[in-house]
Amino acid sequence: MTPAFARPRRIATLLPALLVVLAGCRGPGGCTTEYCGTVVFAATGEPSTLLPVVSTSAVERDVHDQIFLKLAEIGPDGGTFGDSGFVPELARSWEWTDPLTLTFHLDPRARWHDGAPVTAADVAFTFDAYSDSVVGSGDRASLGHITSVAAVDSLTVVFKFRDRYPEMFYDATYHMRILPAHLLRNVPRATWQTAAFGRAPVGSGPYRFVSWTPGQSIELAADSTHFLGRPHLRRLIWRVAGNLNSAVTMVLAGEADAVEVLVTPDNIRRARADTALRLYPYAGSTYTFVRFNLRANGDRSKPHPVFADPEIRRALVLAADRPRMAQTVFGEYAKVPPGPMPQLWSWLWKTTLAPTPLDSAQAARLLHGRRLSFHLIVPSTSPTRVQYAQLLQEQYRRLGIDVVIDQVDNPTLQQQLESGKFDASLESFVTDPTPSSSVPALWGRDGPQNYGHYANDKFDALVRTAAGAPTRGAAQAAWESAFAALAQDPPGVMLYALDNVAAVNRRVADVRIQPDSWWGLVRTWRIPPDQLTERDRAGR
Amino acid sequence: MRAWLLRRVAAGIAIIFAAVSLTFVAIHLAPGEPFLPPDERPMDPAVVARLRRNYGLDRPLPVQYLRYVTQLAHGELGESFSQRRPVAQAIAAAVPNTLLLTITALAIDFTLGIAIGLYQAARARRRSDAALANVTLFFYSLPTFWLALVLQLVFGLWLGWFPTGGSTDPVLHDSLPLFGRVVDRLYHLALPALTLGLVGAGGTARFQRAALLEALGHEYVRTARAKGLAESAVLIRHAWRDALLPVISLAGVALPFLLTGAVLIETVFSWPGLGKLAADAISARDYPLVLGTTLLATCAVVTGSFIADVLTAAADPRVRLTA
């Protein structure tokens, strides 16, 4: 049902209309073709840099995914095994010279936005940069299987691998956005984190950088001669909203056209009630969990008095009514995962795995009447996670477990995790399209983000088997075994995996959302000429 | 006069120095560190260590403090960790927005507040005075951020009369002629300035009413009335001038409130000013930017208080600027 206030909002737009008229008085305007649209995205934060190799946040990825290209992109089926399904981007074709050698042939039409051709030397330079510890890319570890990348001629580049495994092609193409060697070669790599290039990047993607007004907006313009085809939308603008609520408000007020995640059922309900918006559900790449610290709070040399005991950890999983909590907080938009997995890994949800069911009686038996107490750190900026912490606190209280909730801001939470000064933490994690990298990173004995110092040799061995499985079927079975091992000796409580829902203005057609890179397919979006507004026509 | 001036300047420098020093210690001792992105892919610890080294964060706190003070003495504010550009540049971009917001809010605050105070004093103890007293008390006691959210919801989201955030229209602004750009600016300014102005006006009106009622009881007002002057002339030309002095002092005191209010307002309305810059800097543990914004805010408050003193002296010949 349309809310009562929706109609006056649409009518009472005299001043904006005046602005449009004024804009029409001056700018080129008059654009009436298929290639005129302007889409404004409400961004929940502001990028620090648009240099992909050192960027870390989702909003940075959203923007630089339009400016830079990979050699090939994951196809619509999201498959990461072998090279079937991958869609060519900078590479026109590829072949396996031998089982450990992959040769890419670049598209000769590809150009940097300054006019220089994209060459094999750029690809070799990019690999070198991503692998360089001085640059410090977050993707460096994912490229560990590749021994070298060398240019054979200006359009041919050869990747050599250390070993054979099913996701070789994925590793060669997914992690790196190809960078312009001629613009970055002379910039000292130790300064890339703060390089000027990151504030005014030059790429080879369908959109070129136009402007960045700090604290306000970032504007990109379509490359009308792009070799992969002219993008339909003429301008893309990211408007910095600062947080999720402001971003959703901007979209509901008609000041922005799209927001990539609505997160809460309330936001989804409000967006659904707005007739100007269309909702696009897609598989989420995030899962949320309580992590137990198996070492003493602040002293890694000692076991944790509570969580070192696997029986207690199991009891805490059994005592949490996760389906009810998910229903209470998210309604139909979240599932309880049977392991550390987001909904993005849809093929893993098809296994026979099921989340450990609620069993308070068994939990009580495992606790043997012990009275426990621990602190749970939660990011204060996430109302849903705070709500979850309170629900858990109440459920554990009934078993005589005292949970003290410490709401902290994100930098504090990260610092506590890295320094080991915590008992338990309520976290979310954004994953890659494959479990092979993020599962061992978080829960493997040597994982860089294994802040709870969880160690399970059986699980680690099963993860290695799963990551090396030759087919998706074999991988599915192996991951199933790995997650079953994890359920027996839980490192935490896997709480929920979200279904993402994006809201986009109805005048935008052909909207496709790539679950692992939300706005990755914007170049295929369009605004039909009969749907163009004066705002679309106005502009540079 | 000169001695007073020197004393005020010395006190001002001391206050600024103390504020920056306290902020330096507080922000460095606060839990949390820069370069640790939340929830997304955490940075390589080696890179974090290198960045900490590059920015001197691996040195003992007193060394960092001395380095910062020396740098400050040379006019250097350092480089922002989160914005990856010089702090001076980030502040320079934000200051015009905050000035525009606070000056407009101040204008709304005092125009509306003084007008209401005058009206109330002229109709003291009547029904309209009582009603306005309740209204001004209501606005005076409102939390600024709450009023901001309500105005945003009603006039931005429900009625669609004003934008809910930002300082310009990112789609149209650059293609507008000068007049259009000014209109666009004012259009985006309306809600944030009104929020700050309304809350301030509630207090100013109550202050003005009390000062006027006091002034109206003075002998010279009775004399003016006895001379047969019209009541409006008595009120405006005689009593009001006297009652304006405490309100002028209030302007100097209002500046810190406006600046702190701007932090909340700018955050709610995504207004890219100094307040939002400071709030974002604190969230990101961007030490140089936090210190830079603190420095500027302290300077503004000290200057505001100084200007208020000078204005009071100008308006009241009885006040002398002496040490």
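The listed protein sequences correspond, in order, to chains A and B.
So in the working numbering the end of the first sequence lands on 540, straight run, no missing numbers.
So in the working numbering the end of the second sequence lands on 863, straight run, no missing numbers.
Here a beta-carbon is modelled for each residue, glycine too, at the ideal position from N, C-alpha and C.
Taking C-beta separations shorter than 8 Å and ignoring five residues to either side along the sequence, the partners of Thr101(A) in its chain run Val158, Phe159, Lys160, Phe161, following chain order. For Leu817(B), at least one C-beta of chain A is nearer than 8 Å to its own C-beta.
One finds Pro411 in chain A with Cβ atoms closer than 8 Å to the Cβ of Arg825(B), taken in chain order.
Judged by DSSP in its simplified three-state form, Pro281(A) adopts strand. A contact between stretches requires three or more CB pairs, one per stretch, nearer than 8 Å, and the segment 791-811 of chain B meets this requirement with the segment 628-644 of chain B.
Ala730(B) sits away from Ser789(B), with the two beta carbons spaced by 8 Å or more. Within chain A, the residues placing a beta-carbon under 7 Å from that of Leu697(B) are Thr249, Leu252, Ala253, ordered along the chain. Between the alpha carbons of Ser204(A) and Arg111(A) lies a gap of roughly 6 Å. Unbroken alpha helix (DSSP H) stretches of 4 residues or longer found wholly inside the segment 428-516 of chain A: 435-443, 457-467, 472-488, given in chain order.
The shortest C-alpha to C-alpha distance from Thr352(A) to any of Gln393(A), Ala91(A), Phe483(A) is the one to Phe483(A). By the Cβ neighbour-count rule, Arg537(A) is buried, with 16 or more other Cβ atoms within 10 Å of its own.
Remark: three or more beta-carbon pairs, one from each stretch, lie closer than 8 Å, so the segment 318-336 of chain A and the segment 354-372 of chain A are flagged as touching.
Inter-segment contact for the segment 104-120 of chain A and the segment 129-141 of chain A is absent: fewer than three beta-carbon pairs are separated by less than 8 Å. The beta carbon of Gly492(A) is closer than 6 Å to those of Phe289, Val290, Arg291, Phe292 in its chain, skipping five residues each way along the sequence.
Of all residues in the segment 585-599 of chain B, only Pro585, Ala586, Val587, Val588, Arg590, Leu591, Asn594 come within less than 9 Å of chain A when Cβ atoms are compared, listed by chain position. C-alpha of Pro337(A) to C-alpha of Thr286(A): approximately 11 Å in a straight line. For Asp171(A), the enclosing alpha helix (DSSP H) stretches over residues 168-174. Taking the C-beta atoms as reference points, Pro379(A) is found no nearer than 8 Å to Leu417(A). Against chain A, the CB of Gln611(B) has no partner CB under 8 Å away; the residue lies outside that interface.
Under the Cβ criterion (8 Å, minimum of three pairs), the segment 555-572 of chain B counts as touching the segment 600-609 of chain B.
Cα atoms of Trp686(B) and Leu795(B): separation of roughly 20 Å, rounded to the nearest angstrom.
For Thr807(B), the nearest beta carbon of chain A is closer than 8 Å to its own beta carbon. Under the DSSP definition of a beta bridge, Ala424(A) partners with Phe292(A), Leu376(A). Gln395(A): not part of any beta strand (DSSP E); member of the alpha helix (DSSP H) spanning 383-397, first to last residue. When secondary structure is reduced to three states using DSSP, Val336(A) falls in the coil class, being assigned neither helix nor strand.
Residues of chain B whose Cβ lies closer than 9 Å to the Cβ of Gly198(A) are, in chain order, Arg624. Contacts with chain B (Cβ-Cβ distance below 9 Å) from the segment 119-138 of chain A involve Ser133, Val134, Val135, Gly136, Ser137, Gly138, listed in chain order. For Pro636(B), the enclosing alpha helix (DSSP H) has its first and last residue at 627-662. Here Lys302(A) is exposed: its Cβ has fewer than 16 other Cβ atoms, across all protein chains shown, within 10 Å. The straight-line gap separating the alpha-carbon atoms of Val560(B) and Asp826(B) is approximately 15 Å.
A contact between stretches requires three or more CB pairs, one per stretch, nearer than 8 Å, and the segment 506-521 of chain A meets this requirement with the segment 68-81 of chain A.
Restricting attention to Ala741(B), Lys816(B), Arg665(B), Phe621(B), the CA atom closest to the CA of Leu682(B) is found in Ala741(B). Residue state for Glu219(A) is assigned as strand, using DSSP reduced to three classes.
Every beta strand (DSSP E) stretch that sits fully inside the segment 57-112 of chain A and reaches 3 residues is listed by chain position as 91-98, 101-106. Identification of chain B residues near Val40(A) by a Cβ-Cβ cut-off of 8 Å yields Pro710, Val711, ordered along the chain. Residue range 207-213 is occupied by the beta strand (DSSP E) that includes Ser211(A).
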